[in-house]
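K.L.:
If you read the sequence shown in our numbering, its first letter stands for residue 695, the second for the next number, and so on.
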Amino acid sequence: MFIRVDTTSAVLGGLLGSSLNYGEADCDISSFVPSFPANQTQLVVPTNETPSFLGVAFGVQNYTCSSSNTYTSIGAVAEIIDFSCNTSDANFATIQNDIYAAWNAVPESETIQDVIASVLAENPPRNLGQHYFVTNPVTGQGVSPKWDFMASGENKGNPDAYVVGRSVGNLASPDNSTTDVAWLELTNVEGELADTIFRYDTVNGQSPASCTSGEDPDISVKYSAKYLFYGGSL
695 MFIRVDTTSA
705 VLGGLLGSSL
715 NYGEADCDIS
725 SFVPSFPANQ
735 TQLVVPTNET
745 PSFLGVAFGV
755 QNYTCSSSNT
765 YTSIGAVAEI
775 IDFSCNTSDA
785 NFATIQNDIY
795 AAWNAVPESE
805 TIQDVIASVL
815 AENPPRNLGQ
825 HYFVTNPVTG
835 QGVSPKWDFM
845 ASGENKGNPD
855 AYVVGRSVGN
865 LASPDNSTTD
875 VAWLELTNVE
885 GELADTIFRY
895 DTVNGQSPAS
905 CTSGEDPDIS
915 VKYSAKYLFY
925 GGSL
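#1: Less than 7 angstroms between C-beta atoms, sequence neighbours within five positions excluded: which residues of the same chain meet that for C905?
#2: Whose CA, out of T744, S767 and S812, lies closest to the CA of G836?
#3: If we call anything under 8 angstroms between Cβ atoms a contact, is T744 one with Y921?
#4: Can you list, in chain order, the residues of its chain with a C-beta nearer than 8 angstroms to that of S713? Leave out the 5 residues immediately preceding and following it.
#5: Between N756 and Y894, what straight-line distance do the alpha-carbon atoms span, to the nearest angstrom?
#6: Please report how far the alpha carbon of S729 lies from the alpha carbon of Q807, in whole angstroms.
#7: How is V750 classed by DSSP in three states: helix, strand or coil?
#8: For V727, which of A919, G926, F892 and Q900 has the nearest alpha-carbon?
#9: Assign N849 to buried or exposed, taking buried as 16 or more other Cβ atoms, counted over all protein chains shown, within 10 Å of its Cβ.
#10: Within 10 angstroms of its Cβ, does N882 collect 16 or more other Cβ (buried), or is it exposed?
#11: What is the DSSP secondary structure of T805, counted as helix, strand or coil?
#12: My parser needs the beta strand (DSSP E) runs of 3 or more residues fully inside the region 763-834; what are they?
#13: Restricting to runs no shorter than 3 residues, where is the beta strand (DSSP E) found entirely within the region 827-913?
Here it is as structure tokens:
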């Protein structure tokens, strides 16, 4: 079931905030420098690549209850909105908190898939693309994160506008590691969209600490985060 037009408009307006220039996109971010904690080595900004895309995502982290009575990640689904033109905005550093608050207020009956379908219907949509998981293209087993920009924006229809990544750095959220998913650095294993991907400024998304195997169902936990893409050959 798709979100009603009036609900969609309210959701998108709340997610983006009245202070943002929602109509602007595709700004040059080649000189943008992310704010990572000092004295850590997990997230390393490339010296031979420049930023290509910058987005803020909202979606869900998916988990299943394992035999050890703890939740195991089974992927994620998210929509990524272009914020390349908003890096100098006063609230850019904390915009992920505003987006999460608006997304968290959306009724559970309206899923992230509903929102993605509605965003894609916007003309023109400002979304960069979608984030989801696919079968690992190297081993053919397990799942790997994919960022897919083929459906909209400046790369619509380009079959190379995607990247599948492999984690090479993992930093517990410096804000709240209990509730917020980790900050990540990933490297390209397939696709031409980017060579390096960062997930940072995360809000929520962590699973509960424990579950009961065989009883508790799979769960989806809402989250938001910034995604920064370096390099690529589109």
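Backbone N, C-alpha and C fix where the C-beta goes; we use that ideal spot for every residue, glycine too.
P.N.:
On the basis of the supplied data:
#1: C759, N763, T764 and Y765
#2: S767
#3: no
#4: With a pLDDT of 43 at S713, under the threshold of 50, the predicted position of this residue should be treated as unreliable, and no value is reported.
#5: 18 angstroms
#6: 30 angstroms
#7: strand
#8: F892
#9: buried
#10: buried
#11: coil
#12: 765-776 and 821-829
#13: 837-842, 856-865, 877-885 and 890-898
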